[in-house]
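Working notes, beginning with the structure itself.
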Amino acid sequence: MTASAPAQPTNGVPENFTPPHPSLHTNRVLPGFKVSLGFTIAYVSLIVLIPLAALAARPWEHGWAGFWSVLTDGRVLASLRLSFVTAAAAATLNLFVGMIIAWVLTRYKFPGVKILDAFVDLPFALPTAVAGIALCTLYATNGWVGSLFAPFGIKIAYTPIGIFIALVFVGLPFVVRSVQPVLADFDAEVEEAALTLGASPFQTAVRVILPGLAPALLTGFSLAMARAVGEYGSVIFIAGNMPYVSEITPQLIIIKLQEYDYAGAASVGLIMLLWSLVILAVINAAQLWLFKRGRA
Amino acid sequence: MRSRPAEAPKTPAAIGLSLVAVFWLGLIILLPLVTVLFEASKAGVEPFLAAVAEPDTIAAIQLTLLVAAIAVPLNAIFGIAAAWCITRFEFKGKGLLLTIIDLPFTISPVIAGLVWMLLFGAQGWFGAWLRLNDIHIVFALPGLVLATVLVTLPFVARELIPLMNDQGTDEEVAARTLGARGWDIFFRITLPNIKWALLYGVLLCTARAMGEFGAVSVVSGHIRGQTNTLPLQIEILYNQYEAVAAFACASILAGLALITLLLKSVLEWRFAGELAANRRH
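Heads up: the protein sequence lines correspond to chains G and A, in order. Residue numbers for the first sequence follow this note's numbering, beginning at 2 and rising by one. Residue numbers for the second sequence follow this note's numbering, beginning at 100 and rising by one.
Written out as C-alpha cells, the structure is:
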C-alpha cells in the first residue's frame, strides 16, 4: 500500500514545481522594466547616438585625404592649440584657486560665507552669452579691470588672455564643487593625529589632507578642462576671433558651417571631440591609479 | 567619524586664505554680474523699458519660453524613465547607458548644434528630402528644441539616478506584494520620495534651456523676430553696438540666474536629505 501511491511532499508543494530563477525573481518584481528601458534607449538613440553617428560619418565624404587635409590645416591646428592650451591653463589655475576657495568655504565661518558659497554656482546658472558680454565690457581697455592693465600695455580683451579669463570664470565651480564634499567629510581624527605628532598646520595640509583630495581635484580639473575646450558663448565676445591668433575651435566649426563646408565642420568637430575624450580617459586612468595607490 | 567644524579664521594663514578666496570670488564671479546690472541700469529706466518692449525682444522672450516649455518636460520624463530602469532593474550594458546619458555634458555646445545641421541642414543627410516635403527643422522651432534637448538631456536623470539608487526598492516592492498596480506605485510611493530632487533637476534643466547659446546659435539661422532666442538677441544687439539694449536683455537672464541660484540654495538647505547624495552639504 505504501509503495503504490506516489510520494506526496509533506509541505504541500507540488512535485513538479521548479522555483523561479533567483536573479529573475528579484529583478522583475517591480513593473515597467521593458517600457522604461525601451523609452530610454529610443530617446538616447534619437537625441544622442544618431546625431553623433552623423558627426562620425560625415568627415569621410572626401575620403581619408579630405579628413587629413583638414587635420593638418594650419588654421585648424592653430585653433586646436589655442583651445586646448587656454583650457588647460585655465583649469590649472582653477585647480589651485578652487582648492583654496573650497577650503575657506568648508573650514571657516565669517559673515556672508553662505552667500559666497551660493554664488560659486553662478557660472553654471548665468547664460554664457550674458557672461560673455559682461567679461568683454569688464576687460576691454576702457572697462573697470581692463583699464587697470592698459597703462602697462597689457591688452586682455580680444587676445588669448581674454579667452583664458573667460575659461577661468566658466571652470571655477567645477573644481570647488568637486573638492568641497570631500573636504567636508574629511576625518578630523587623522588631521588631529598629524598635528599632535608634531606636524605643522602647513605640513598637515600638504602631506595629510592634500593626498586625500587628489582624486576630487583631478575630477574637478577634468570637468573644468572638458567644459573649457568646447566653451563658446562666454568666449567669443572677448576672444577677438582673429584667425591663427585668437580663434577658438568651436568658432572655426561655425565658420565652416556658414561656408556650407559640412564635411570640414564635422572633421574639426570630430577631432575636438576625440581629443577631449582622450584627455578624459588619461585623467580617469590617473584617478584609478591614485585610488589603487591609496588603498594599497 | 566626525569632520572638523567650521570656525572663524584666527591665524594669519587662515585670514590670508579667506581674503584670497573672497577677493577671487569677487573678481571672477561677482564682478561680471555687477557689470551686467550696472550697464543695464546706467542709461536709466526709460531706455531699459524701451529696449525690453522692442517687438523683436518680446518675440525672443516668447520663443525662449516656448523652447524651454517643450524641452524641459521631455527631459524630465526621460530622466524619470531612465532612473526607473537603471535603479530598479539589473541589465547588461547599464554602465554604457550611464556613459551615454553623461555624454552631452562632455560635448561642446557647438557640436550639439552641428550634429543637427549634419542631419537636417541643407547639405545634411535628410536635407534634400525635407526640402522636397517642405518640412523645416533647422532654422526653425524644431531645430531649436532638438539642440536644447540634447544639451540639457542629463540634468534630471543625473539628479534622480543617485537618489533612487540610495533609496532602494523596499517600499515599492512592499507595495507590489500588497497588490498595488504599476502607476499606483509610481504616483504614491516613488514620486513623493523623489519630488524635491525632480524639482531640483527641472530647475537646473530650465535654467540651462533658457540660457543656452552655442547649440541654438548653430541651428537658429538668426532670423530676427522668428528664430532668435533671448541669448541670441543679446548677441545681435551687442554686435550692433546697442549696448544698453543688449545689457537690458542680459539683465533679464541674469535675474533668472539669480532666482535659480536662490531656489537651488533653498532646496539644498531645506531638503538636503531628499536630494541626491552629492548635493548634501
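All C-beta atoms in this analysis are idealised placements derived from N, C-alpha and C, irrespective of residue type, glycine included. Note that the structure is a prediction, hence the values are computed from the model and not measured.
- The alpha-carbon separation between residue 336 of chain A and residue 319 of chain A amounts to approximately 16 Å.
- Here the alpha carbon of residue 103 of chain A sits roughly 7 Å from the alpha carbon of residue 188 of chain G.
- Using a Cβ-Cβ cut-off of 9 Å, residue 310 of chain A is close to 126, 127, 128, 129, 130, 131, 234 of chain G, given in chain order.
- In this chain, the alpha helix (DSSP H) harbouring residue 368 of chain A covers 342–369.
- Neighbours of residue 104 of chain G in chain A, taken as residues at a C-beta separation under 7 Å, are given in chain order as 116.
- Across the set A:266, A:264, A:227, A:216, the C-alpha of A:216 shows the shortest separation from the C-alpha of residue 259 of chain G.
- According to the DSSP assignment, residue 138 of chain A belongs to the alpha helix (DSSP H) that extends over 130–141.
- Flagged as an interface residue toward chain G: residue 183 of chain A, by a C-beta distance shorter than 8 Å.
- Scanning the segment 155–184 of chain A for uninterrupted beta strand (DSSP E) segments of 3 residues or longer gives nothing; none is fully contained.
- Put simply, of A:280, A:235, A:316, A:261 the residue whose alpha carbon is nearest the alpha carbon of residue 292 of chain A is A:261.
- At the C-beta level, residue 246 of chain A and residue 301 of chain A stay beyond 8 Å of one another.
- Closest in alpha carbon position to residue 142 of chain G, among G:239, G:219, G:207, is G:239.
- Judged by their CB atoms, residue 126 of chain G and residue 356 of chain A are nearer to each other than the 8 Å cut-off.
- Residue G:171 holds the alpha-carbon nearest to the alpha-carbon of residue 93 of chain G among G:261, G:171, G:247, G:115.
- For residue 114 of chain A, the uninterrupted alpha helix (DSSP H) segment begins and ends at 111–123.
- CA-to-CA, the gap between residue 267 of chain G and residue 364 of chain A works out to about 40 Å.
- Counting other Cβ atoms within 10 Å of its Cβ, residue 31 of chain G reaches 16 or more and is therefore classed as buried.
- Around the Cβ of residue 108 of chain G, a 10 Å sphere holds 16 or more other Cβ atoms; the residue is buried.
- Here DSSP, grouped into helix, strand and coil, assigns residue 262 of chain G to coil.
- Under the DSSP assignment, residue 332 of chain A falls in the alpha helix (DSSP H) whose first and last residues are 329–338.
- When beta bridges are read from the DSSP output, residue 188 of chain G appears opposite A:102.
- In this structure, DSSP gives residue 109 of chain G an extended state, which the three-state scheme calls strand.
- Excluding its 5 nearest sequence neighbours in each direction, residue 220 of chain A has C-beta neighbours in its own chain below 6 Å: 226, 237, listed in chain order.
- Around the Cβ of residue 112 of chain G, a 10 Å sphere holds fewer than 16 other Cβ atoms; the residue is exposed.
- Under the three-state reduction of DSSP, residue 192 of chain A is assigned to coil, being neither helix nor strand.
- Within the same chain, Cβ atoms closer than 7 Å to the Cβ of residue 350 of chain A are found at 135, 136, 139, the five residues on either side in sequence being excluded.
- Taking 8 Å as the upper bound for CB-CB distance, residue 144 of chain G and residue 234 of chain G are not in contact here, some 19 Å apart.
- In the three-state DSSP reduction, residue 179 of chain G falls in the helix class (H, G or I).
- In this structure residue 208 of chain G is exposed. Its beta-carbon is surrounded by fewer than 16 other beta-carbon atoms within 10 angstroms.
- Classified as exposed, residue 154 of chain A has fewer than 16 neighbouring CB atoms from the shown chains inside 10 Å of its CB.
- The segment 201–233 of chain G is shown to contain no whole beta strand (DSSP E) run of 3 or more residues.
- Counting C-beta atoms within 10 angstroms of its own C-beta, residue 118 of chain G has 16 or more neighbours from the protein chains shown and is therefore classed as buried.
- Residues of chain G whose Cβ lies closer than 8 Å to the Cβ of residue 270 of chain A do not exist; the shortest such Cβ separation is about 11 Å.
- As for any alpha helix (DSSP H) of minimum length 4 sitting wholly inside the segment 87–169 of chain G, the runs are 114–120, 123–126, 129–140, 147–150, ordered along the chain.
- Residue 218 of chain A has a beta carbon lying within less than 8 Å of a beta carbon in chain G.
- For residue 305 of chain A against residue 181 of chain A, the beta-carbon gap comes to about 18 Å, at or over 8 Å, which does not count as contact.
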